[in-house]
Amino acid sequence: MTYAEMQKKILESADSLFETFKSMASDLLTIPEAGFFEEKTSTYVQNEFEKAGLRARRVAHTGVKATMGNGKYHVCIMGELDAIFNGEHPFANPATGMAHACGHNGQTTIMLGVMKTLQKADILDALNGRISFIGVPAEECIQTDKRLELIKLGKIKYMSGKQQLVYEGEMDDINCCMMTHALGNTNPLMADVGGSSMGFSSIRVTFTGRAAHAGAAPFDGINALDTAMLAMMNIHANRSTFKDDDRVRIHPILTKGGDVVNVVPSEVTMEAQVRAMTIPAMEKAVEVLMRSVHGACTATGASAIVESYPGYLPMMQDKTLSGLFMECAIENDLIQKENLRTDRDMMGSTDFGDLTQLLPTIQPLIGGVTGNLHSKEFCLSDENASLLVPIKIFSLMIAKLLKDGGRVMETVLNQYKPAFTKEAYLTFLDKNATNITY
911 MTYAEMQKKI LESADSLFET FKSMASDLLT IPEAGFFEEK TSTYVQNEFE KAGLRARRVA
971 HTGVKATMGN GKYHVCIMGE LDAIFNGEHP FANPATGMAH ACGHNGQTTI MLGVMKTLQK
1031 ADILDALNGR ISFIGVPAEE CIQTDKRLEL IKLGKIKYMS GKQQLVYEGE MDDINCCMMT
1091 HALGNTNPLM ADVGGSSMGF SSIRVTFTGR AAHAGAAPFD GINALDTAML AMMNIHANRS
1151 TFKDDDRVRI HPILTKGGDV VNVVPSEVTM EAQVRAMTIP AMEKAVEVLM RSVHGACTAT
1211 GASAIVESYP GYLPMMQDKT LSGLFMECAI ENDLIQKENL RTDRDMMGST DFGDLTQLLP
1271 TIQPLIGGVT GNLHSKEFCL SDENASLLVP IKIFSLMIAK LLKDGGRVME TVLNQYKPAF
1331 TKEAYLTFLD KNATNITY
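As structure tokens, this is what we get:
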């Protein structure tokens, strides 16, 4: 089968399934769930896999995976299952406040849409490879306490779905990975391709002082709140030492400031995220936070327990795959060249960044959205742009990667240099899970 024949079948198949795609996105919109608790969403995805005749199995606690095709190479398409908290969103779950205000219902629809399109196009026998579809849990970094409890119970090892996938070996034989993300408040037919995102580490600090009467005998106490405030001022005093290109962000909040107003605060808790565009810059910024806490404790005589949790790594998308995405978009008149913006950095973070350090990956940001990400106004308002177009592009990309014996896939692999082996990556995560007392 020629590529031109595959191309025609893919485009016609996707068009014929458009109403199905819209229905799936609407269904998923109504069942928003928190990360590692996506039971209804996982069941929905599993049912779609099984209706397609694929064997589905659970991975990464609440994730679900299915594979089709045969051959030398192995391509993965992902969709994130979890929602974010936004109780004001019109489709929020009234009991939990969870809502698909980040477009993950669209992502998962795109994953399922590619599966359905490739099956209906009936081109798998012409491709030298397998395609795995993974509904991935827990991208949004929320509900830390609940995830720590799951770790304690032995349900998960890491607090992110993609980290857990790597740990379980589900990415071991995959050659490249693709996923989209919504691009908030944009021209409908627009995409950002090939940009980076920030990595981050999560920090929790418990400051311990000594209680005393705040009016009669404050001199008998050690003020944990003052210590926390001093630690934050120490962080601020270091901001000019960060290089502009590293785009370091340290943003703490106090989650407990004391117990009652007439007692010197004896326990104060602070949570912070430390973000940067490179791993060395992240590590330096974490060191600054640690020194800031240590210095504050030295000044006041308080103590502190600093708990660090591995966050996400910076995203470094594969240039060859990015070029292939744009090629498929332009030559099929799906997105105009002037609406393909390249190498624009995203100032948020995603655990997809971890995968980019291990294998060739791409996560283009796709338009067709009203409202900003995580806002109550967020909506996949143009379903052609936000669903159908990326389904077509990813399906065409898979055909190009795996046709002719997988010649293009081989080029991608030859040009990619991983930052970590799997073993080194897991060691890095474990090294960044620390508990230090000052």
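Everything in the sequence shown is counted per the working numbering, starting at 911 for the first residue and increasing by one.
All C-beta atoms, glycine included, are put in the ideal place defined by N, C-alpha and C.
Own chain partners of residue 1298 with C-beta closer than 7 Å, once the 5 adjacent residues on each side are dropped: The sequence position of residue 1298 within the sequence shown is 388, counting from 1. Sequence-distant partners of residue 1298 (beyond 5 residues in either direction) whose C-beta falls short of 7 Å from its own C-beta, in its chain, are 924, 928, 931.
3 or more residues per run - each beta strand (DSSP E) lying fully within the segment 1193-1253: Unbroken beta strand (DSSP E) stretches of 3 residues or longer found wholly inside the segment 1193-1253: 1213-1222, 1250-1252, given in chain order.
Cβ contact check for the segment 1027-1041 and the segment 1061-1075: 3 or more pairs under 8 Å: The segment 1027-1041 makes no contact with the segment 1061-1075: fewer than 3 CB pairs, one atom from each, lie closer than 8 Å.
Inter-stretch contact (C-beta, 8 Å, three-pair minimum) for the segment 1106-1115 and the segment 1285-1293: No contact exists between the segment 1106-1115 and the segment 1285-1293.
Beta-ladder partner(s) of residue 983, from DSSP: To locate residue 983, count along the sequence shown from 1; it is residue 73. Under the DSSP definition of a beta bridge, residue 983 partners with 1039.
Proximity of residue 987 and residue 1041 at Cβ, strictly below 8 Å: If you number the sequence shown from 1, residue 987 lands on position 77. If you number the sequence shown from 1, residue 1041 lands on position 131. Contact check for residue 987 against residue 1041 passes: the beta carbons are separated by less than 8 Å.
Where residue 911 falls, given that 16 or more other Cβ within 10 Å makes a residue buried: Reading the sequence shown from its first residue, position 1 is the one you call residue 911. By the neighbour-count rule (16 or more Cβ atoms within 10 Å), residue 911 is not buried but exposed.
Beta strand (DSSP E) segments (min. 3 residues) lying fully within the segment 993-1030: Listed in chain order, there is nothing to give.
Beta-carbon gap between residue 1183 and residue 1225 smaller than 8 Å: Residue mapping note: residue 1183 aligns to position 273 of the sequence shown, counting from 1. Residue mapping note: residue 1225 aligns to position 315 of the sequence shown, counting from 1. No, the Cβ-Cβ distance between residue 1183 and residue 1225 is not below 8 Å.
Through-space distance from residue 1046 to residue 1052, alpha-carbon basis: Indexing the sequence shown from 1 puts residue 1052 at position 142. Indexing the sequence shown from 1 puts residue 1046 at position 136. So the alpha carbons of these two residues sit roughly 15 Å apart.
Enclosing beta strand (DSSP E) for residue 1109 [first to last residue]: The count along the sequence shown starts at 1 and reaches residue 1109 at position 199. First-last of the beta strand (DSSP E) with residue 1109: 1109-1118.
Endpoints, the alpha helix (DSSP H) within which residue 1140 is located: By one-based count along the sequence shown, residue 1140 stands at place 230. For residue 1140, the uninterrupted alpha helix (DSSP H) run begins and ends at 1134-1147, by DSSP.
Close Cβ partners of residue 1231 (< 8 Å) along its chain, the five nearest in sequence each way excluded: Sequence index remark: in the sequence shown, residue 1231 carries index 321 (1-based). Around residue 1231: 1086, 1088, 1270, 1271, 1272, 1307, 1322.
Residue 1319 in three-state terms, based on DSSP: As a working mapping, residue 1319 is identified with position 409 in the sequence shown. DSSP places residue 1319 within a helical segment (H, G or I) once states are collapsed to three.
Check whether residue 1098 and residue 1278 have beta carbons under 8 Å apart: Position 188 of the sequence shown holds residue 1098. Position 368 of the sequence shown holds residue 1278. Using a Cβ distance threshold of 8 Å, residue 1098 and residue 1278 count as a contacting pair.
Residue 1076 - DSSP class collapsed to helix/strand/coil: Within the sequence shown, residue 1076 is the residue found at index 166, counting from 1. Residue 1076: helix per DSSP, three-state reduction.
Reference residue 1034; option with closest CA among 1001, 980, 1062, 1003: For the purposes of this step, residue 1034 is identified with residue 124 of the sequence shown, where counting begins at 1. If we check each option's Cα against that of residue 1034, 980 comes out closest.
Other residues of its chain near residue 1209: CB distance less than 7 Å, five sequence neighbours each side excluded: Here the question's residue 1209 lines up with position 299 in the sequence shown. Sequence-distant Cβ neighbours of residue 1209 in its own chain, meaning closer than 7 Å and more than five residues away, are 1140.
Three-state secondary structure assigned by DSSP to residue 1333: For this step, residue 1333 is matched to residue 423 along the sequence shown. Three-state DSSP puts residue 1333 in a helix.
Cβ-based neighbour list, residue 1253, same chain, cut-off 6 Å, excluding 5 preceding and 5 following: Locating residue 1253 in the sequence shown gives position 343, counting from the first residue. Cβ-Cβ distances below 6 Å link residue 1253 to 1104, 1105 in the same chain, with the five nearest sequence neighbours on each side left out; the list follows chain order.
DSSP state of residue 1065 mapped onto helix, strand, coil: The count along the sequence shown starts at 1 and reaches residue 1065 at position 155. In the structure shown, residue 1065 adopts coil according to DSSP, grouped into three states.
Integer Cβ distance of residue 991 from residue 958, believed to fall under 8 Å: Walking along the sequence shown from the start, residue 991 turns up at place 81. Walking along the sequence shown from the start, residue 958 turns up at place 48. Residue 991 to residue 958, Cβ: 12 Å. No contact.
Integer Cβ distance of residue 1111 from residue 1342, believed to fall under 8 Å: Locating residue 1111 in the sequence shown gives position 201, where the first residue counts as 1. Locating residue 1342 in the sequence shown gives position 432, where the first residue counts as 1. Taking the Cβ atoms as the reference, residue 1111 lies roughly 6 Å from residue 1342, within the contact range of under 8 Å.
Closest Cα partner of residue 1191 within the set 1054, 984, 1037, 1149: Position 281 of the sequence shown holds residue 1191. Nearest to residue 1191 by alpha-carbon distance, out of 1054, 984, 1037, 1149, is 1149.
Residue range of the unbroken alpha helix (DSSP H) whose run includes residue 955: Residue numbering aside, residue 955 sits at position 45 when the sequence shown is read from its first letter. Segment 949-961, the alpha helix (DSSP H) holding residue 955.
Nonlocal neighbours in the same chain, by C-beta distance under 6 Å from residue 1179, ignoring five residues either side: The residue you call residue 1179 lines up with position 269 of the sequence shown. Same-chain partners within the cutoff: 1116, 1165, 1166.
Residue from 1280, 1036, 1234, 946 whose Cα sits closest to the Cα of residue 1293: By one-based count along the sequence shown, residue 1293 stands at place 383. Residue 1280 is the option with its Cα nearest to residue 1293.
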